[in-house]
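With my numbering as the guide, the letters of the sequence shown map in order to residues 6 to 116.
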Amino acid sequence: MSNIDSTRLKEILTYDNESGCFHWRQNRGHRIKIGDVAGCVHHTGYIVISIDKKQYQAHRLVWLYVYGSFPKNNIDHINGCRSDNRISNLRDATQSENCQNLKKSRGLSGF
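Written out as structure tokens, the structure reads:
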């Protein structure tokens with residue numbers, strides 16, 4: 006599934022538990038400098054980070070960074086905010102558990 010491991014990840018990024026953000030440990034060309042926030046918000050609302058010419062979802066990288074391996078299931082953002090990648094907001098969840106957080110749409114009557 007992925008070719009990055011936690012050792013490689015920690016060589017190039019640092020993770021801040023308080024903000025949920027990754028920062029570059031290395032300069033990445035002319036525009037990205039050491040300490041810059043890594044990644045950008047994808048149109049899906051998730052933060053994505055390109056490493057070694059491959060894109061990764063930041064929440065999955067957080068799990069790898071903190072626990073040393075990718076999650077067995079999906080990553081659920083507990084508060085529903087797809088860009089909030091604080092480890093305290095993430096949980097390894099089955100598809101069924103992840104769907105429990107979806108907002109229920111209501112009809113015109115409100116029910």
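For each residue, glycine too, the CB sits at the ideal point set by N, CA and C.
Problem set entry | Own chain residues within Cβ distance below 7 Å of V46, not counting five before or after | I52, S88
Exercise. What do you get for R65, buried or exposed, if any count of 16 or more other CB atoms within 10 angstroms of its CB means buried?
Worked result: buried
For this session: Give me whichever residues DSSP pairs with C45 in a beta bridge.
Result: V53
Exercise. Do Y70 and L14 have their C-beta atoms closer together than 9 Å?
Worked result: yes
Problem set entry | Selection from D97, I92, Q31, E23 that minimises the alpha carbon distance to I56 | Q31
Exercise. Per DSSP, C86 forms a beta bridge with which residues?
Worked result: DSSP output for C86 lists no bridge partner at all.
Problem set entry | Cutoff 6 Å; reference R91; Cβ partners in own chain excluding five residues on either side | Counting only Cβ-Cβ distances below 6 Å, and skipping sequence neighbours, we find G25.
Problem set entry | Reduced DSSP category for S110 - H, G, I as helix; E, B as strand; rest coil | With a pLDDT of 47 at S110, under the threshold of 50, the modelled position of that residue is not reliable, and the figure given next carries that caveat. Looking at S110 - three-state DSSP - the assignment turns out to be coil, as it is neither helix nor strand.
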